[in-house]
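Trainee:
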Amino acid sequence: MKYVLMFFTFLSVCNASDLLSIPLTLDDTRDFTIPAGATTVDQTNTISVGNDPDFQKYLNTIKSYDITSISIIAESYSGPATTFTGSISFGTASANFNNWDLKSTTELMLPYTTADLVKIGEAFQSNGSQNFTIKGTLSNSTGGVLKLHVKVNLKIKV
Numbered sequence: 022m023k024y025v026l027m028f029f030t031f032l033s034v035c036n037a038s039d040l041l042s043i044p045l046t047l048d049d050t051r052d053f054t055i056p057a058g059a060t061t062v063d064q065t066n067t068i069s070v071g072n073d074p075d076f077q078k079y080l081n082t083i084k085s086y087d088i089t090s091i092s093i094i095a096e097s098y099s100g101p102a103t104t105f106t107g108s109i110s111f112g113t114a115s116a117n118f119n120n121w122d123l124k125s126t127t128e129l130m131l132p133y134t135t136a137d138l139v140k141i142g143e144a145f146q147s148n149g150s151q152n153f154t155i156k157g158t159l160s161n162s163t164g165g166v167l168k169l170h171v172k173v174n175l176k177i178k179v
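The opening residue of the sequence shown carries number 22 in the numbering used here; numbering runs sequentially from there.
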């Protein structure tokens, strides 16, 4: 009985909604055209939680974002065999890649540190969005349409 009373006392002191942690994946897929003759890519997009239907029902109650990982997939590329060497950034967090095959559909985990993931989560918390930039050089200067799929794996606390 003593423990039951302690539990109910704990619940009355804490807001029960603060205890709810929901795992979600923020998906963002973008197409962009690499012009024929281009030797570089410098593309920035904004990823917003408000655009994802899984987040919309929680937007007014989200207290924090705990980012667990971020990955990127080149879902398709209509150009010839091309590799990318450069960086992929979320805000100030940046990961470098050498010879990433844009024809490969392998999911790449971005090697951000825990501190980087915390900063990205804080940016989502403060404004609901984060800039995502891919910047670097291409091994083949014949263009095409590149379709990138970014997955931000996280837990939200509501």
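We treat Cβ as the ideally placed atom computed from N, Cα and C, and that holds for glycine.
1. What span of residues does the alpha helix (DSSP H) with residue 144 cover, start to end?
2. Excluding sequence positions up to five away, which residues of its chain have a Cβ less than 8 Å from the Cβ of residue 115?
3. How would you write the range of the alpha helix (DSSP H) that residue 74 sits in, first residue to last?
4. Could you tell me which of 137, 104 and 169 sits nearest to residue 128, measuring between CA atoms?
5. Going straight from the alpha carbon of residue 162 to that of residue 101, what length do you get?
6. Can the beta-carbon of residue 157 be found less than 8 Å from the beta-carbon of residue 86?
7. Counting beta carbon pairs with one atom in the segment 53-60 and one in the segment 133-151, are three or more of them shorter than 8 Å?
8. Report the partner residues of residue 104 according to the DSSP bridge assignment.
9. What do you reckon, are the CB atoms on residue 131 and residue 45 nearer than 8 Å?
Mentor: Reading from the atomic positions:
1. 135-148
2. 108 and 109
3. 74-77
4. 169
5. 9 Å
6. no
7. no
8. 122
9. no
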